[in-house]
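**Q** Supplied in C-alpha cells, the structure appears directly below.
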Amino acid sequence: MNAAAHLSLGPSPWLAMGGLLRRDVRLAFRRKSEWLSGVFFFVLVAALFPLAIGPEPATLRAIGPGVLWVAALLASMLSLSRLFESDYQDGSLEQMSLSAAPLSWLVVAKLCAHWLISGLPLVLLSPLLGLQFALEPEALFMLGLTLLIGTPVLSLIGAIGAALTLGVRGGGVLQSLLLLPLYVPVLVFGAGAVDAQMRGLGGSAQVSVLLALLLAAAAFSPWACAAALRLALE
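First residue of the sequence shown: 1, per this note's numbering; consecutive thereafter.
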C-alpha cells in the first residue's frame, strides 16, 4: 500500500502522523506472521526455560526477571529489520521524505505503530509468563512496569540501527552488533528493578533511570533516524 495516500500534504503534520500510524497498524494486521514471530519467540523462550531449569521456585525466581527481559529484548530485535525496509523497497519512504510533514515526525508515527504491534503484546503477556517463574504479585507489577517503559526505549534505539543499516547487505548482523551494546543499560536496569523489588529494596531508582533513558531516546531517536534515512535515500 502506498504511503502517499495516507500522508497529509497540508500544513498539519499531525494528520500525516495519524494517517501513517493507521496505515502501519493495518498493514501489520494483514501480515500477521511478521509481527507474531516476535511474540511467539518471547512466549517460547519464557516457557522453555522453566522446563530446562526445573521446578525449584527459588531458582526460577532468581533467573525469572533476567530471562524475561532478555527474551523481550531479542523479540523486539526480530521486527526491526522490517521497520523501514518495505517502505524503502516500494518507494514510500522517498515519498515520506518529500511530503510537507517533517520526516522526523513521520518516524515518530512509525515508531508508535512498531511499539503497538511488537512491544505492547510483550508487556501484556509478561505478568502471565512471570507466573511460570514463581514471581510474587509485586514483582509481576514491576516487571510489567519496567517493560512498559523499557520496550519503547528498545524500539527508539533499535530504529536508529535499522535506519543506519537500511539497504546494506548483511544489515541484520551489523544491526545486531550496533544495537546490543546500547541495549545493555536498558536490560540491566529493567531486570535490576524487578530483582530489587523481590529483595524488598524497591525498584524506584532503576525505574527512574529507565524513564531518563526513555526521555533521552525519545528526544534523539527521531532526529537521528530521519538523518540516517535521508542518507540511505541519496
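For each residue, glycine too, the CB sits at the ideal point set by N, CA and C.
How is V194 classed by DSSP in three states: helix, strand or coil?
**A** Correct three-state label for V194: helix.
**Q** If I measure Cβ to Cβ from L111 and keep anything under 6 Å in the same chain, skipping five residues before and after, which residues do I get?
**A** Answer for L111: S155 and A159, listed in chain order.
**Q** What residue ranges within the stretch 83-158 form continuous beta strand (DSSP E) runs of no fewer than 3 residues, ordered along the chain?
**A** Within the stretch 83-158, no complete beta strand (DSSP E) run reaches 3 residues.
**Q** Can you tell me whether T59 is helix, strand or coil according to DSSP?
**A** Of the three classes helix, strand and coil, the one that applies to T59 here is helix, per DSSP.
**Q** When DSSP labels each residue in this structure, what does L201 get in the three-state scheme?
**A** In this structure, L201 counts as coil in the three-state DSSP scheme.
**Q** At what residues does the alpha helix (DSSP H) containing R30 begin and finish?
**A** Its alpha helix (DSSP H) spans residues P13 to R30.
**Q** By the three-class DSSP mapping on this structure, what secondary structure does V168 have?
**A** Correct three-state label for V168: coil.
**Q** Three or more C-beta pairs under 8 Å: does that hold for the stretch 52-66 against the stretch 131-138?
**A** Output reads yes: the stretch 131-138 touches the stretch 52-66.
**Q** Does the beta-carbon distance from S118 to G38 come in below 8 Å?
**A** Closer than 8 Å, so yes.
**Q** If you run the structure through DSSP and keep just helix, strand and coil, what is G54?
**A** Of the three classes helix, strand and coil, the one that applies to G54 here is coil, per DSSP.
**Q** Counting beta carbon pairs with one atom in the stretch 191-201 and one in the stretch 75-91, are three or more of them shorter than 8 Å?
**A** Verdict: no, contact absent.
**Q** Within 10 Å of its beta-carbon, does D90 have 16 or more other beta-carbons around it, so buried, or fewer, so exposed?
**A** The residue is exposed, with fewer than 16 neighbouring Cβ atoms inside 10 Å.
**Q** What is the DSSP secondary structure of P37, reduced to helix, strand or coil?
**A** In the sequence as presented, Pro is not what sits at residue 37; that position holds Ser. Residue state, collapsed to three classes: helix.
**Q** What does the alpha-carbon distance come out to for the pair M77 and S176?
**A** Those two C-alpha atoms are separated by around 8 Å.
**Q** Tell me whether the beta-carbon of P127 lies closer than 8 Å to the beta-carbon of L140.
**A** Taking 8 Å as the Cβ cut-off, P127 and L140 qualify as a contacting pair.
**Q** Nearest-angstrom Cα distance between L145 and L36?
**A** Each residue's alpha carbon lies about 22 Å from the other.
**Q** R23: buried (16+ other C-beta within 10 angstroms of its C-beta) or exposed?
**A** So R23 counts as buried.
**Q** Helix, strand or coil for S79, going by three-state DSSP, please let me know.
**A** The answer is coil: DSSP assigns S79 none of H, G, I, E or B.
**Q** Rounding to the nearest angstrom, what Cα-Cα distance links K32 and G18 in this structure?
**A** Their backbone Cα atoms lie some 21 Å apart in a straight line.
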